[in-house]
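> Residue numbers for the sequence shown follow the numbering used here, so the first one is 737 and each next one is one higher. All residues carry an ideal CB built from backbone N, CA and C; glycine is no exception.
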Amino acid sequence: MIVFPGYEESIQRVYENKQDQVFAHWQQLDDTQRKKLLTDLTAVNFEQCAAQFSEASSNTAVEVQGFGPADFIRRPGRGGDAAAFKQARDTGLAHLRAGKLCAFVVAGGQGSRLGYDGPKGAFQISPVRNKSLFQIHTEKLLKYSRKYGVELPFFIMTSQANHEATVEHFKQHAWFGMNPDNIRFFPQNMIPSLDTAGKLVLDGPDSLFRNPDGHGGSLTALQSSGALAEMKKRGIETISYFQVDNPTVAIIDPEFIGFHLQGAAEVSTKVLTKAFAEEKVGNLVRFDDGRTGVVEYSDLSPELACSTNSDGSLRFQAGSIGIHLFQRDFVERLGGSSQFALPFHVARKKIKAWTPEGTSEIDAFKFEKFVFDALPLASATVSLEVLREDEFAPVKNRDGLDSIENSRQLMMDQHRRWLNERGIEIPPTVRTIEISPLLAVEAADLPAELRIPAEANIYLD
Ligand code: UTP
């Protein structure tokens, strides 16, 4: 029986690394299944698994040290300089109109907290029309494209687990009106999860249990998929990075782009003022050597998290919300070199493991890279304050914090604010309201003569 050339070496490596529990049911597998399992095993980096397990099980959490709060650009009205914002906008617009921008969404996550059976981007969230997250983002890009008179290519990172379903979602909806030549999908890498004894786990008779390698994996996936090369060919210099589960994100923001360019930044990041000291967002910090970074909420001691300035404000008040700008050549440098490899973070989670005796829930270690670990590797960074109500409505959970209902409400609140800002009257009958991104991506896009009928559910397009 020949499974595939070189398969014997693969089997040998599994034995040498004492992971042969994955062969316990080998005799029951047919040739196709054996080939499938061995293909998964051939891709495993056993040295990396051993190192990750040793770190995960050592119980000595590496304490991040030597940092203080980082500076960020404050908005006008909150200490910021309105003239500087105007200048940044002009700089950003020139870059944008020259076709040097693209949008990049990371949509490879498992969305396990949401418990939705499909790609998270296909989750229907908009309050009146039930548009999916992907539809909202794509329509925004169409609008920006028309508004600024420029093509804005859309790069979408999936995972091997949701790639086909994601492409299918776009196909079924005729690419939401976008030219498919301007949309590029590519899957990120998957890496094995390990049980608490450091052993590989199966999720079926012929497949290893693997998880996507975190949003930080996007920087290598951009390189290995050829997406970066395509960006270069298209003349793209700056990548606007965002996360699929935030429907209110301003994907293309001329002011942000302008500050990024004026600061000669390789990476920039949007931050908001934390709602409370121990809010579960990453904390923007400045390391003692001058580099900027993000320290996860779980790595910031309660004492530091709660420490205050003399005026009573939090010392660590800037929270990162997963919105960044990357210079393409910075990602090229990072993605093409192991010297700049981002570290793995470990999470202990319950997973459904398959054994010949059946499937059961076990404790396991999952390993992920975080995209903000790229910040300290940049020669210069810029951090810009945004208002929570303008740009942050993440949908993470079914109920409670960052819930579906919360996110919908935040979208409606934003649309009501835009209408108020334009002096457009909202009749008291209105209960739910939704503005199509094709009509407006900010208040200024709304025609002042707009009239809203006295009905309960309003959709404006
Ligand atoms: P989260 O860390 O919130 O993870 O991802 P998640 O997968 O959406 O949800 P849970 O934790 O399983 O409940 C933030 C963003 O990063 C993307 C997600 O798709 C989301 O846009 N992401 C996360 C990836 O693209 N790949 C990953 O491996 C992890």
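(1) Whose CA, out of A839, S961, T894, lies closest to the CA of G857?
(2) Hey, S1004 and L1061: beta-carbon distance below 8 Å or not?
(3) Does the ligand UTP have a heavy atom nearer than 7 Å to the CB of H1060?
(4) Determine the DSSP secondary structure at E1141, reduced to helix, strand or coil.
(5) How about H951: is its Cβ closer than 7 Å to a heavy atom in the ligand UTP?
(6) Mind listing, in chain order, the continuous beta strand (DSSP E) runs of no fewer than 3 residues lying wholly within the segment 1071 to 1139?
(7) Among L1113, Q924, S868, A779, which one has its Cα closest to the Cα of V750?
(8) Taking the Cβ atom as the reference point for each residue, do V1067 and Q979 lie within a distance shorter than 8 Å?
(9) Using DSSP bridges, identify the partner residues of N866.
(10) Evaluate the contact criterion for the segment 865 to 880 versus the segment 922 to 930: three or more CB pairs, one atom per stretch, below 8 Å.
(11) Looking at C-alpha atoms only, which residue of F870, L1155, P928 is the closest neighbour of A910?
(12) Within the segment 846 to 890, note down every full beta strand (DSSP E) run reaching 3 residues or more, in order along the chain.
(13) In chain order, what are the residue ranges of uninterrupted alpha helix (DSSP H) at least 4 long that sit wholly in the segment 802 to 833?
(14) Measuring CB to CB, does D1149 end up less than 8 Å from E1125?
(15) Identify the continuous alpha helix (DSSP H) that holds G994 and give its terminal residues.
(16) Grouping DSSP H, G and I as helix and E and B as strand, with all else coil, what is Q896?
(17) Rounded to the nearest angstrom, how far is the Cβ of K824 from that of E991, given a contact under 8 Å?
(18) Can you check whether the CB of F1080 is closer than 8 Å to the CB of Q788?
(19) Where does the unbroken alpha helix (DSSP H) through F922 begin, and where does it stop?
(20) Which parts of the segment 953 to 1034 are runs of the alpha helix (DSSP H), unbroken and 4 residues or longer, counting only runs that do not cross its ends?
(21) Determine the burial state of L938: buried for a count of at least 16 other Cβ atoms within 10 Å of its Cβ, exposed for fewer.
(22) Using a Cβ-Cβ cutoff of less than 7 Å, which residues in the same chain neighbour F821 once the five nearest sequence positions on both sides are dropped?
(23) Where F906 and G1055 are concerned, what is the direct C-alpha to C-alpha distance, given to the nearest angstrom?
(24) Have a look at K771 and E1127 and give me their C-alpha separation to the nearest angstrom.
(25) Please identify the residue among N1193, R1187, L1155 whose C-alpha is closest to the C-alpha of T1165.
(26) Sorted by chain position, which residues of the same chain lie with C-beta nearer than 6 Å to G953's C-beta, five sequence neighbours on each side aside?
(27) Give the DSSP bridge partners of G1058, in chain order.
(28) Can you tell me which of the three DSSP states V1166 falls into?
(29) Please determine, among Y880, A1041, G1136, S943, the residue with the shortest C-alpha to C-alpha distance to E1014.
(30) From A839 to Q763, what does the alpha carbon distance come to, in whole angstroms?
(31) Should R1134 go down as buried or exposed, given a rule of 16 or more other Cβ atoms within 10 Å for buried?
(32) From V800 to G742, what distance separates their C-alpha atoms?
(33) Heavy atom of the ligand UTP less than 7 Å from the Cβ of P948, yes or no?
(34) For the segment 844 to 852 against the segment 942 to 952, do three or more pairs of beta-carbon atoms, one drawn from each stretch, fall closer than 8 Å, so that the two count as touching?
(35) When you compare only the Cα positions, how much space is there between G816 and D853?
Answer, in terms of the structure:
(1) T894
(2) yes
(3) no
(4) helix
(5) yes
(6) 1081 to 1091, 1094 to 1104, 1117 to 1121
(7) A779
(8) no
(9) DSSP output for N866 lists no bridge partner at all.
(10) no
(11) F870
(12) none
(13) 818 to 833
(14) yes
(15) 990 to 998
(16) coil
(17) Note on identity: in this sequence residue 824 is Ala, with Lys being the wrong assignment. The Cβ separation is near 5 Å, so the contact holds.
(18) yes
(19) Looking at the DSSP string, F922 is not in any alpha helix (DSSP H); the run it does join, the beta strand (DSSP E), is 919 to 923.
(20) 954 to 960, 963 to 969, 990 to 998
(21) buried
(22) P812, E991
(23) 32 Å
(24) 47 Å
(25) N1193
(26) Q924, N925, K1105
(27) Answer by DSSP bridge pairing: none, since G1058 is not bridged.
(28) coil
(29) A1041
(30) 49 Å
(31) exposed
(32) 43 Å
(33) yes
(34) yes
(35) 44 Å
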